[in-house]
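Visitor: Numbering (my numbering), first residue to last: 5 to 145.
Note that the Cβ used here is the ideal one computed from N, Cα and C, for glycine as well.
For clarity, every value in this text was computed on a predicted model and none was experimentally measured.
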């Protein structure tokens, strides 16, 4: 289990762009599960959309990428490196994310060779699948 302070020691993101509040499961380089508590105080809700706040899909994808980055960058060989997007495939949004929702983000590494890898990521609200995507990344020195 990792809190936000511990997460910030692994990935460079900071408020307001840190989109993972805690990690509840971690198998370095294999699987990681993180939590994002979505509150009305999120800065993006001011304009997306006034009177009907919905978390932007690209930020759901970003939250999944940040959770995945924790799982990769926690590995000793990638410590203090930076994981960057290399691609996004098969992204599907199944439900809207609104204030009060808690996202449970599950990321499984399906390929990791050298500095390039691929993950299967899913975000849930309760037991309901909200978003899924394949995320490709490159680790920078």
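Let me confirm a value: residue 44 is counted as buried when at least 16 other C-beta atoms fall within 10 Å, else exposed. Which label applies?
Guide: Exposed: under 16 other Cβ atoms inside 10 Å.
Visitor: What are the residues that DSSP puts in a beta bridge with residue 96?
Guide: DSSP output for residue 96 lists 136 as bridge partner(s).
Visitor: Which residue comes first and which comes last in the beta strand (DSSP E) that contains residue 113?
Guide: That run of the beta strand (DSSP E) goes 106–117.
Visitor: Can you tell me whether residue 68 is helix, strand or coil according to DSSP?
Guide: Three-state DSSP puts residue 68 in a helix.
Visitor: Near residue 103, what residues of its chain come up, given a Cβ to Cβ distance below 8 Å and the 5 sequence neighbours on each side ignored?
Guide: Taken in chain order, the residues that qualify are 42, 43, 44, 46, 49 and 57.
Visitor: For the 8 Å Cβ check, are there 3 or more pairs between the region 75–92 and the region 20–33?
Guide: Yes, they touch.
Visitor: Name the DSSP beta bridge partners of residue 4, please?
Guide: Here the chain has residues from 5 to 145 only, and residue 4 is not among them.
Visitor: Sorted by chain position, which residues of the same chain lie with C-beta nearer than 7 Å to residue 13's C-beta, five sequence neighbours on each side aside?
Guide: So no residue of the chain qualifies.
Visitor: Helix, strand or coil: which one does DSSP assign to residue 59?
Guide: The answer is coil: DSSP assigns residue 59 none of H, G, I, E or B.
Visitor: With burial defined as no fewer than 16 other Cβ atoms inside 10 Å of the residue's Cβ, what is the status of residue 145: buried or exposed?
Guide: With fewer than 16 Cβ atoms within 10 Å of its Cβ, residue 145 is classed as exposed.
Visitor: As a quick exercise: from 111, 138, 122 and 100, pick the residue whose alpha carbon is nearest that of residue 24.
Guide: Considering only alpha carbons, the answer is 111.
Visitor: If you draw a straight line from the C-alpha of residue 40 to the C-alpha of residue 51, how long is it?
Guide: Their backbone Cα atoms lie some 20 Å apart in a straight line.
Visitor: Whose C-beta lies closer than 6 Å to the C-beta of residue 119 among residues of the same chain, with five residues either side of it excluded?
Guide: Same-chain partners within the cutoff: 142 and 143.
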